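What follows is a single structure, written as structure tokens, with notes after it.
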Amino acid sequence: MLDTIADIWSDAHPELVDTPGASTDGLSAAALRRQVTSHLRHEGFTLVAAYASGSMVGFGYAFPCTPEYWYGDLLTEIPEHVRAGRLMGLCELAVTPARQSQGIGSRLHTELLKAIDPDYASLLVRPDNTAGRTLYERLGYTYAGPYRNEPGGPVYDLLLLKVDNEANAQ
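Numbering (full-length UniProt numbering), first residue to last: 1 to 170.
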């Protein structure tokens, strides 16, 4: 399954896979495999997948996490009421290009919210990921600040969502 997930991720992110230096920034199929394997250890790790004609066409995964773990250096800039709520870190959400813009990403996102039941969800997105940003903004995410996983690494936008648990329960 890990290879299928990496293939879907690569297909959904050709701008990363085909960019010189992307693997140096940890943006490669091999890096994704290592990331997923590492994240499996988190309690509550949840992976959802979408299938069409017997083949996986999309996936998403997330896990409950502490504000200290997720927000890092931005922690003090996150409002206290947000830090006090149950948090879901959305790590990856990808759909094959042929199946994008058909609501699959939104449905995968909803299933993750149902499974984890957070008060808030947060994710990192590259500032130049227009398709991803469009989806996340449509889902209600707002910009919380710039975020860097490691010194010298790429800068991401940290996005935050106040979850409507009643709407997701349906």
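No residue lacks a Cβ here, since even glycine has one placed at the ideal position from N, Cα and C.
Remember, predicted model here, so these are calculated numbers, not experimental data.
A residue is called buried when at least 16 other Cβ atoms come within 10 angstroms of its Cβ; H13 meets this threshold and is buried.
In the same chain as Y156, and ignoring 5 residues on each side of it, the C-beta atoms closer than 8 angstroms to its own belong to L124, V125, R126, P127, P146, Y147, R148, N149, in chain order. Between A98 and the set M56, D119, E77, A30, the nearest pair of CA atoms involves M56. Per the C-alpha coordinates, the member of H42, L2, Y51 positioned closest to Q102 is Y51. At the C-beta level, G58 and T110 stay beyond 8 angstroms of one another. Each of L135, S38, D119, L47 was checked against the Cα of M1, and the nearest Cα belongs to L47. Nearest C-alpha to H42 among Y61, A49, A30: Y61.
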